[in-house]
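The structure appears right after this line, and notes come after that.
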Amino acid sequence: AQSVTQLDSQVPVFEEAPVELRCNYSSSVSVYLFWYVQYPNQGLQLLLKYLSGSTLVKGINGFEAEFNKSQTSFHLRKPSVHISDTAEYFCAVSEPSWGAQKLVFGQGTRLTINP
Amino acid sequence: KAGVTQTPRYLIKTRGQQVTLSCSPISGHRSVSWYQQTPGQGLQFLFEYFSETQRNKGNFPGRFSGRQFSNSRSEMNVSTLELGDSALYLCASSLGLQLAGPHNEQFFGPGTRLTVL
Chain A
808 AQSVTQLDSQ VPVFEEAPVE LRCNYSSSVS VYLFWYVQYP NQGLQLLLKY
858 LSGSTLVKGI NGFEAEFNKS QTSFHLRKPS VHISDTAEYF CAVSEPSWGA
908 QKLVFGQGTR LTINP
Chain B
1157 KAGVTQTPRY LIKTRGQQVT LSCSPISGHR SVSWYQQTPG QGLQFLFEYF
1207 SETQRNKGNF PGRFSGRQFS NSRSEMNVST LELGDSALYL CASSLGLQLA
1257 GPHNEQFFGP GTRLTVL
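Protein chains in written order, with my numbering: chain A, 808 to 922; chain B, 1157 to 1273.
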């Protein structure tokens, strides 16, 4: 079964420092990959997605992610974080063969930005 | 354009009761998915509806059911509530069936927080 592992449950970072949130998935077939952000008491918001093509994907709020098929990874990066980036981040995967909206999520990474 | 709305936002029930949660998708969206979010299990897919048909179902017991109406609004029902059903229930809507479609992003609602006592 498809699974997603987010290697860090919590990541504390100082403001204006770079950050990388790690995500690995288990699949030998083609996949779609997503990063979502969840602010307190809110639903999920899509940051970026990889469907096909260029392995470097740029998203909203200055985030980007790189799809690495050989390492089955899809790590999220931002070169300089802000206090407002404090939130929980979820990596998710879907398979084209599912023909559906179903997403399998990782356990989430809580990003805390310290001043 | 209004986003995905879920009602109620908060709900408290006791064990053994049943509950119905409602989701109104973004206008024009025909696909609705439901997810359960708990601290222990994280985000888990419940089911997906498109044009009133259930297209996909997650690994949940039969106590969890749902439906979609002709106006794309969706409801999910949980019968015989258990303590472990306490969770944030999220609804998401999108235009069509395929996540890979060029404009087919899933938009999530704020969720309904269900507490079972």
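Cβ coordinates follow ideal geometry from the N, Cα and C atoms, glycine included.
Point to revise | Min CB distance L1199/B to chain A below 8 Å | key: Start at 1 with the first residue of the second sequence, and residue 1199/B comes out as number 43. By this cut-off, L1199/B is an interface position.
**Study point:** Neighbouring residues, chain A, relative to S1189/B (Cβ below 9 Å)
**Key:** Working through the second sequence from its first residue, we reach residue 1189/B at position 33. Residues of chain A passing the Cβ test: A907, Q908, K909, L910.
Exercise for review: Would you kindly work out how many angstroms separate the C-alpha atoms of L858/A and V900/A, rounded to a whole number?
Suggested key: Sequence index remark: in the first sequence, residue 858/A carries index 51 (1-based). Sequence index remark: in the first sequence, residue 900/A carries index 93 (1-based). The straight-line gap from Cα to Cα measures roughly 10 Å.
Point to revise | Near-chain B residues of the segment 819-853 of chain A - C-beta to any C-beta below 9 Å | key: Y839, F841, Y843, Q845, N848, Q849, G850, L851, Q852, L853
**Study point:** Short-range partners of chain B found in the segment 874-904 of chain A, where Cβ spacing is below 7 Å
**Key:** F897, S901, P903
Review point. Going along the chain, which residues of its own chain have a beta-carbon closer than 6 Å to the beta-carbon of R1271/B, five neighbours each way excluded?
Key: Here residue 1271/B is taken as the residue at index 115 of the second sequence, counted from 1. Before going on, a small fix: residue 1271/B reads as Thr here, not Arg. Counting only Cβ-Cβ distances below 6 Å, and skipping sequence neighbours, we find I1168, S1242.
**Study point:** Cross-strand partners of A1248/B (DSSP beta bridge)
**Key:** As a working note, residue 1248/B is residue 92 in the second sequence. DSSP lists S1189/B, F1264/B as partners of A1248/B.
Review point. Do the segment 871-880 of chain A and the segment 1165-1182 of chain B meet, that is, are 3 or more Cβ pairs less than 8 Å apart?
Key: no
**Study point:** Close beta carbons around Y832/A, own chain, < 6 Å, minus the five adjacent residues each side
**Key:** Position 25 of the first sequence, counting from 1, holds the residue named residue 832/A. Within the same chain, Y832/A has close Cβ partners V811, T879, V900.
Practice item. Report yes if the C-beta distance between M1232/B and S1249/B is below 8 Å; otherwise report no. Key: Here residue 1232/B is taken as the residue at index 76 of the second sequence, counted from 1. Here residue 1249/B is taken as the residue at index 93 of the second sequence, counted from 1. No, the pair does not count as a contact, with Cβ atoms beyond the cut-off.
Review point. When the Cα atoms are used, what is the spatial distance from E822/A to N921/A?
Key: Within the first sequence, the letter at position 15 stands for residue 822/A. Within the first sequence, the letter at position 114 stands for residue 921/A. Distance between the alpha carbons of E822/A and N921/A: 6 Å.
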